[in-house]
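Line by line, the protein sequences are chains A and B. Following our numbering, the numbering of the first sequence begins with 15 at its first residue and continues without gaps. Following our numbering, the numbering of the second sequence begins with 73 at its first residue and continues without gaps. A short write-up of the structure that comes next.
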Amino acid sequence: MFVRLSAAIAALSLLGGAALAQGAKPTDPQIAHIAYTAGVIDVAAGKQAITKASNKDVKAFAEGMVRDHEAVNKQALDLVKKLKVTPEDNDTSKTLSKQAADKLAELGKLKGAEYDKAYIANEIAYHKAVNGALETLLIPSASNAELKSLLQTGLKLFQGHQQHAEHVAAGLK
Amino acid sequence: MLPRRTFLIVTALLSGAIAVPAHAATIQIVMDNLVVSPAEVTARVGDTIEWINKDIFAHTATARNGDFDVAMPPKKTVTSVLKKAGTVEYYCRFHPNMRAVLTIAP
């Protein structure tokens, strides 16, 4: 148990340097907030890429990220409303947002092919980290069945995005 | 002896039946929750595939060998007619973890 939680925290740490206090299991309102935040972060990264990317596959990938993450986050909002759950901000979400803002600023300074490569590399790492957190921490911790099911859909979606990003990265070499 | 008009109609129906390939079928393939089902389908050239996308995400059915590339907007059904025989692996360009096989007999 301790090992699994540690691995999950390591994944989240990679994602944002965040760690849940004392390895505590996140609650459903916290899980909803973390998952939603993770989506918002990728939408922001995608919107930046749509304006900055020079490669057409990178641009198409970014459009897909904005489309999918906005769609799944809308579904998440509908679900929390239905369940009367108020997403609860927490240290993990805060750290994720902070790290993402830094990354966005860093990528914002790059141009052309250098930007394209850095954006896609970050998308691969980011989706990998989110998938790790979903698999080892967020899905097992979720107690509401509908929330768990939405997270499972999210995992399949993010795994698809990771593979798509890997294909695009391979085409850039 | 049949009236001449009836004879013509019967002839037309018969020749029509010969011209249309026998039993062109419509087959449904569903994309739901990022899963393609059935994952393996057998069909014939001339059959119609009804691609049903139940997801809130856009998907594609993209043949690895380039034989077809069908775009499915969210919550929409699109149809395509199979034109070439072969065993075709296809996937979704946006979510390459969605994979399936279509075996098309001549």
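C-beta: ideal position from N, C-alpha, C; glycine also.
Same chain, Cβ closer than 6 Å to residue i, neighbours up to 5 away in sequence not counted
i, result
"B:I128", "P146"
"B:V108", "M170 and A172"
"B:D139", "K156 and V160"
"B:T175", "T114 and T159"
Residue i (DSSP reduced to helix, strand or coil)
i, result
"B:N125", "strand"
"A:V94", "helix"
"A:Q36", "Any answer about A:Q36 is weak, because its pLDDT of 46 lies below 50 and its placement is not dependable; what the coordinates show is given next. If DSSP states are grouped into helix, strand and coil, A:Q36 belongs with the helices."
"A:S68", "coil"
"A:M79", "helix"
"A:A135", "helix"
"A:S157", "coil"
"A:T100", "coil"
"A:A147", "helix"
"B:A111", "coil"
"A:L124", "coil"
"A:N87", "helix"
Cross-strand partners of residue i (DSSP beta bridge)
i, result
"B:G158", "B:I176"
"B:Q100", "B:E122"
"B:D141", "B:T134"
"B:S152", "B:I121"
"B:R116", "B:A177"
"B:R171", "B:Y163"
For residue j and residue i, believed in contact at Cβ under 8 Å, the rounded distance
i, j, result
"A:L152", "A:I48", "7 Å"
"A:T100", "A:P154", "The Cβ separation is near 22 Å, so there is no contact."
"A:L186", "A:D130", "6 Å"
"A:S107", "A:T51", "4 Å"
"B:E112", "B:V173", "5 Å"
"A:I64", "A:E77", "6 Å"
"A:H141", "A:A179", "6 Å"
"A:M79", "A:H175", "7 Å"
Spatial neighbours of residue i in its chain, beta-carbon cut-off 7 Å, leaving aside the 5 residues before and after
i, result
"A:A132", "L121 and L124"
"A:S68", "G126, A127 and D130"
Under 8 Å between C-beta atoms of residue i and residue j
i, j, result
"A:L169", "A:A46", "no"
"A:A143", "A:A183", "no"
"A:A147", "A:I55", "no"
"B:L106", "A:L171", "yes"
"B:T114", "B:V153", "no"
"B:K156", "B:V117", "yes"
"B:A133", "B:W123", "yes"
"A:N158", "A:L97", "yes"
"A:N87", "A:G53", "yes"
"B:N125", "B:M103", "yes"
8 Å Cβ shell around residue i - same chain, five flanking residues per side excluded
i, result
"B:H167", "L106, F129 and H131"
"A:A58", "A114 and L118"
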